[in-house]
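For reference, the structure discussed in these notes is given below.
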Amino acid sequence: MRGFVASQDAKVLFRDIRAEAGITYAHHSAPEKKFISESMSGGMALLDYDNDGRLDVYFLDALTVENAHDPRAARSVLYRNLGGNRFEDVTDAAGVAHPGWGMGVCTADVDGDGWEDIYVTNLGPNALYHNNGNGTFTDIATRSGVTAGGWSAGCGFADYDRDGDLDLFVSRYVKLDLEHLPEFGKGGAGMVKGGTGRGADCQYRGVAVQCGPRGLPGQGDLLFRNDGQGRFEEAGQRAGVSDPHQYFGLGVAWFDADEDGWLDLFVANDAGPNFLYMNQRDGTFKESAFPAGVAVSEDGAEQGCMGVAVGDYENAGRFSLFVTNFAEEYNAFYRNVGPYFTDWSFRTKTAPSSLPFVGWGNGFLDYDNDGWLDIIVGNGHVYPQLDQAKLGASAPYRQRRLLYHNRGDGTFDEVAQQYGPALNEPRVSRGLTLGDLDNDGRTDVVIADLDGYPLVLHNELADVGNWLLVKLRGKPKNTSAVGAVVTLRAGALTMKRLVRSGTSYISQDDKRLHFGLGTATKADWLEVLWPDQTKTRRENVKANEVLEIRQE
Amino acid sequence: MRRRLVVAIVAGLAAPALAGQAPASGQARPAAPARPGGQPRAAAPAKLELQPGLKRAKEELTQGQIVEAAQLYRQLADQHQSVQALLGLARIQSGVGDARGALSVLERARQLAPNSEEVLGAQARVALAARSPVIATRALEALARMVPSVMENQYLLGVALMQAGDMPSGAMALEEARKLEPNRALTLVALGFAYNGQKLYAEARPHLLRALEIDGTDVEALAALAESEDGLGEPEAAELHAKRALARDPNHAIANLVMGLVRMKQQRYEEAREALERAVKTDPTSAKAQYQLSLACARLGDEAGQKEHLDLYTKAQKENAERLRDLQGAAGTGRGGM
Chain U
81 MRGFVASQDA
91 KVLFRDIRAE
101 AGITYAHHSA
111 PEKKFISESM
121 SGGMALLDYD
131 NDGRLDVYFL
141 DALTVENAHD
151 PRAARSVLYR
161 NLGGNRFEDV
171 TDAAGVAHPG
181 WGMGVCTADV
191 DGDGWEDIYV
201 TNLGPNALYH
211 NNGNGTFTDI
221 ATRSGVTAGG
231 WSAGCGFADY
241 DRDGDLDLFV
251 SRYVKLDLEH
261 LPEFGKGGAG
271 MVKGGTGRGA
281 DCQYRGVAVQ
291 CGPRGLPGQG
301 DLLFRNDGQG
311 RFEEAGQRAG
321 VSDPHQYFGL
331 GVAWFDADED
341 GWLDLFVAND
351 AGPNFLYMNQ
361 RDGTFKESAF
371 PAGVAVSEDG
381 AEQGCMGVAV
391 GDYENAGRFS
401 LFVTNFAEEY
411 NAFYRNVGPY
421 FTDWSFRTKT
431 APSSLPFVGW
441 GNGFLDYDND
451 GWLDIIVGNG
461 HVYPQLDQAK
471 LGASAPYRQR
481 RLLYHNRGDG
491 TFDEVAQQYG
501 PALNEPRVSR
511 GLTLGDLDND
521 GRTDVVIADL
531 DGYPLVLHNE
541 LADVGNWLLV
551 KLRGKPKNTS
561 AVGAVVTLRA
571 GALTMKRLVR
581 SGTSYISQDD
591 KRLHFGLGTA
601 TKADWLEVLW
611 PDQTKTRREN
621 VKANEVLEIR
631 QE
Chain A
304 MRRRLVVAIV
314 AGLAAPALAG
324 QAPASGQARP
334 AAPARPGGQP
344 RAAAPAKLEL
354 QPGLKRAKEE
364 LTQGQIVEAA
374 QLYRQLADQH
384 QSVQALLGLA
394 RIQSGVGDAR
404 GALSVLERAR
414 QLAPNSEEVL
424 GAQARVALAA
434 RSPVIATRAL
444 EALARMVPSV
454 MENQYLLGVA
464 LMQAGDMPSG
474 AMALEEARKL
484 EPNRALTLVA
494 LGFAYNGQKL
504 YAEARPHLLR
514 ALEIDGTDVE
524 ALAALAESED
534 GLGEPEAAEL
544 HAKRALARDP
554 NHAIANLVMG
564 LVRMKQQRYE
574 EAREALERAV
584 KTDPTSAKAQ
594 YQLSLACARL
604 GDEAGQKEHL
614 DLYTKAQKEN
624 AERLRDLQGA
634 AGTGRGGM
């Protein structure tokens, strides 16, 4: 039996519980989106900041050009999970309300004290909220040397040099001078030499729209190496990941692409080729996206890449990439055929349904616990003016979500339309995160929207398979176990999951690893490959529990 | 060589020095020597009557006196602002391969007669042949607006838009052409290409199947169908139709590209490289084929080949982007660039 979805008539999969959960946060942005900076925000995080075993939620709010000089005009919100799908706003006590013009977020226990810290990317200086372990945070970005500056977007912690502590990569997007912004629909100031800002850059199907990113200057990326003493030094150029061409960086994914035990780095670039930095094991990287086959689409087109998902969707032991893209460009499914990737977007049958949408947050999840990774995508256009234009093959400004059910044969069915308004009400989505909010073994989804309330999608699917939720506790200074890989065998399936910091579109998923076990009532065995390459093995693990494994 | 000389002379007729010096025969004659300042010697042309002049130019042309005919047309155009003379001159220029000159002359004709179907049609055809789709599109859009019921205009507009890389608009124009004449194989095949170009393979396939019902040996339809099938995740069917196309035309660019794509996914990289090499030999401007060939080289450990084809891909990609940008700039249909 495939799917564990009772039947095609099953109507309830996700239900939006935002209001009843007490989540009143709404994202703010300028209604007309006259400037590109007003279209790109919406990162969010799921994390257990108080170590109570329940996932808390942090939403980032954004400023606008009009109120850019007043950081207090935007209020980001941290919700503490009280259990029973109830949340409490603890923002003010925590001290995380005003990080700036918020864009993205990633989390990890940066200093190895056992408490999850929060890094916020901004248009402007970034914030590193150190978790004080008592419900409060302190911004230590300046003293840690990770403020970055410019327009940061994606971020992710990882121990790329295997020295035991977590380093930080930050992708940056466009170089924007808020005092000299390109004129809506026309361009002019702020545009690069040779990019006139007229025509293609500030017009969409004959309608005036915000300018960019094409025609605007980009910004290089940053790699902050942790010195183990609470300070970071910027090492991007030395390591070969500084993006000297200044592409428009967004989504970030650390993962071991070639399974050599060293973390590699994928960066999704908007309107340009992506990067795949292969770790050379000496503190440097070799950019290999083109020969590896993940730089552009199958036909060589540079795509507008936003979010990145990493998953072993075939249960083949290799991590493939799923990258969301602009409308009329399909979402790219790069199948890892080791040591290369092949664009498998049409073979998986995920591409055609994605063509009308602008995709952002995304992730692999096993929503029905059948042991096969499914996919979810949040969508929404960047131009509110779009609805005045000839749409062609594009969906309008507000768009539905996409949900792909893994058939277990290498292909997917797009099934969102079976599941009612939670997946189909048109919205303008950005960050999307995955995690089990109520620890019931069914993966929930939280999606941040521009200009409005988020979606808090509680998974209520009946007749799901068994499950296991694995929480890893690494050695200091990487107690979050970022970069650890768990391989699990249950019945005929061998599954593999990875602990990531920085996921989806500039957001952060639950770091606990979810395994759907199907009809299996236990995992025959599971093995943790810790970031330092040591291993921990467990056998005959009972299903349907949260299993914590500490590195010895 | 002779053709090149004739082109040079016909093009050189723009210089007033040659006016009034009609050659006695069709033999190409060297252009007048230039003055030190670079300007040829000027001579006042004799005034010609328009209708007799046009008649004489036509007669010269009938007798194969190309240079003389061109000279007469030029003179008549200058003296009478005659659209007919400009059309005649453009025809000659186009006939000897001077598309650029022809387009320049036709643009002048269009300024004189902006709503002339004859001028717009000529401009579109010459521009399409010269692979100047932006100019062709402008002319054809005007024509399609003026006479929307003429299938040929919609068809050519679709082709021009596709040539410029604007597949969605191309498909829309071709759908209009199909409504006017539903069973025209050329239109159906072009529609197939337009949908394939947008990755709308499921939309492309029925048109291509219909085209093959009309003509089962149509190589273009077979190749495009193979491309659709590869996109639909049906490698066996794609291979079958690509092979059928290649049996008729072993160097067909798209059929070879599809074979390359199929072999790449099968990880049969040597065969993929061979097919893709044939594809780029036929169409070196195909960014997709150059990119895939660079990947095949990478898989085979051929770093030099990988780099070479990556460079060619980058060049082709840049040219394609510039062409599309020109079109979007002209039409105001650009995308903000996400």
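Just so you know, the protein sequences line up as chains U and A, in that order. Residue numbering for the first sequence follows the numbering used here, starting at 81 and increasing by one per position. Residue numbering for the second sequence follows the numbering used here, starting at 304 and increasing by one per position. Yeah, the Cβ is synthetic: ideal placement off N, Cα and C, and Gly gets one too.
### Message
On the DSSP bridge list, what partners appear for Arg571 (chain A)?
### Response
Answer is none; Arg571 (chain A) lacks a bridge partner.
### Query
Just by C-beta distance, which residues in the region 593 to 606 of chain A are closer than 9 Å to chain U?
Gln593, Tyr594, Gln595, Ser597, Leu598, Cys600, Ala601, Arg602, Glu606
### C-alpha gap between Gly229 (chain U) and Ala375 (chain U), whole angstroms
26 Å
### Query
Applying the criterion that 16 or more other CB atoms from any shown protein chain within 10 Å of the CB defines a buried residue, is Gly184 (chain U) buried or exposed?
buried
### Message
Taking the beta carbon of Glu259 (chain U) as the centre, do at least 16 other beta carbons fall within 10 Å, making it buried, or is it exposed?
### Response
exposed
### Contact residues within the region 518 to 548 of chain A, judged by C-beta distance below 8 Å to chain U
Asp533, Gly534, Leu535, Gly536
#### Entry: Contact list for Lys618 (chain A) against chain U, beta-carbon separation under 9 Å
Under the 9 Å cutoff, chain U gives no residues; its nearest Cβ is about 11 Å from Lys618 (chain A).
### Task
Can you tell me which of the three DSSP states Asn28 (chain U) falls into?
Because residue 28 (chain U) is not part of the residues shown, which for chain U are 81 to 632, the question remains open.
### Query
What is the DSSP secondary structure of Ile103 (chain U), counted as helix, strand or coil?
coil
### Message
For a test of the three-state rule: what should DSSP assign to Ala348 (chain U), helix, strand or coil?
### Response
strand
### Query
What is the residue span of the beta strand (DSSP E) that Gly163 (chain U) lies within?
157 to 163
### Query
Should Ala431 (chain U) be flagged as near chain C, meaning a C-beta pair shorter than 8 Å?
Absent from the structure is chain C; the protein chains it does hold are U and A.
### Message
Counting only C-beta atoms, is Leu158 (chain U) closer than 8 Å to chain A at any point?
### Response
no
### Query
Any contact of the region 524 to 542 of chain U with the region 151 to 158 of chain U, i.e. 3+ C-beta pairs under 8 Å?
no
### Message
Going by DSSP, what residue range makes up the alpha helix (DSSP H) through His544 (chain A)?
### Response
538 to 551
### Message
Counting only beta-carbon separations shorter than 8 Å, does Gly373 (chain U) have a partner in chain A?
### Response
yes
### Task
With DSSP as the reference, label Tyr209 (chain U) as helix, strand or coil.
strand
### Message
According to DSSP, Phe355 (chain U) sits in a beta bridge with which residue or residues?
### Response
U:Val347
### Message
Please tell me whether Leu203 (chain U) has its Cβ less than 8 Å away from any Cβ of chain A.
### Response
no
### Query
How would you label Ala331 (chain A), buried or exposed, when you count the other beta carbons within 10 angstroms and need 16 or more for buried?
Here Ala331 (chain A) scores only 39 on pLDDT, less than 50, and its place in the model should not be relied on; the value that follows carries that caveat. Its Cβ being crowded by 16 or more others within 10 Å, Ala331 (chain A) is buried.
### Query
Within the chosen definition, does the region 410 to 430 of chain U reach the region 564 to 577 of chain U through at least 3 CB pairs nearer than 8 Å?
no
### Query
Are at least three pairs of beta-carbons, each pair with one atom in the region 580 to 599 of chain A and one in the region 545 to 558 of chain A, less than 8 Å apart?
yes
### Query
Interface residues of chain U around Met562 (chain A) at Cβ under 8 Å?
Neighbours of Met562 (chain A) on chain U: none; closest Cβ ~15 Å, over 8 Å.
### Task
Can you have a look at Gly449 (chain A) and say buried or exposed, based on whether 16 or more other CB atoms are within 10 angstroms of its CB?
Inspection of the sequence shows that residue 449 (chain A) is occupied by Met rather than by Gly. Exposed, since its Cβ has fewer than 16 Cβ neighbours within 10 Å.
### Task
Taking 8 Å as the threshold, find out whether the region 482 to 501 of chain U comes into contact with the region 304 to 317 of chain U through three or more Cβ pairs.
no
### Query
What residues in its chain sit with their C-beta under 6 Å from that of Tyr499 (chain U), if we drop five residues either side in the sequence?
Leu93
### Task
Answer with yes or no whether the minimum CB distance from Pro553 (chain A) to chain U is below 8 Å.
no
### Task
Give me the Cα-Cα distance between Pro297 (chain U) and Leu256 (chain U), rounded to the nearest whole angstrom.
8 Å
### Query
Using a C-beta to C-beta distance shorter than 8 Å, which residues of chain U count as neighbours of Met567 (chain A)?
Thr422
### Query
Mind checking whether Gly380 (chain U) and Thr404 (chain U) have CB atoms under 8 Å apart?
no
### Task
On a CA-only basis, which of A:Gly367, A:Gly391, A:Gln366 is nearest Gln354 (chain A)? Give me that one, please.
A:Gly391
### Message
Can you tell me whether Gln562 (chain U) is helix, strand or coil according to DSSP?
### Response
A small correction: the amino acid at residue 562 (chain U) is Val; Gln does not occupy that position in the sequence shown. Of the three classes helix, strand and coil, the one that applies to Val562 (chain U) here is coil, per DSSP.
### Query
Taking 7 Å as the cut-off, does the CB of Leu517 (chain U) come closer than this to any heavy atom belonging to the ligand MG?
The ligand MG is absent from the structure shown, which contains no ligand whatsoever.
### Query
For Leu445 (chain U), which beta-bridge partners are listed by DSSP?
U:Asp454
### Message
Does Leu418 (chain A) pass the burial test, meaning 16 or more other C-beta atoms within 10 Å, or should it be called exposed?
### Response
First, the residue type needs correcting, since residue 418 (chain A) is Asn and not Leu in the sequence shown. Per the 10 Å Cβ criterion, exposed.
### Per-residue contacts from Ala337 (chain U) into chain A (C-beta, under 8 Å)
Correct list: empty, because the minimum Cβ distance to chain A is about 14 Å.
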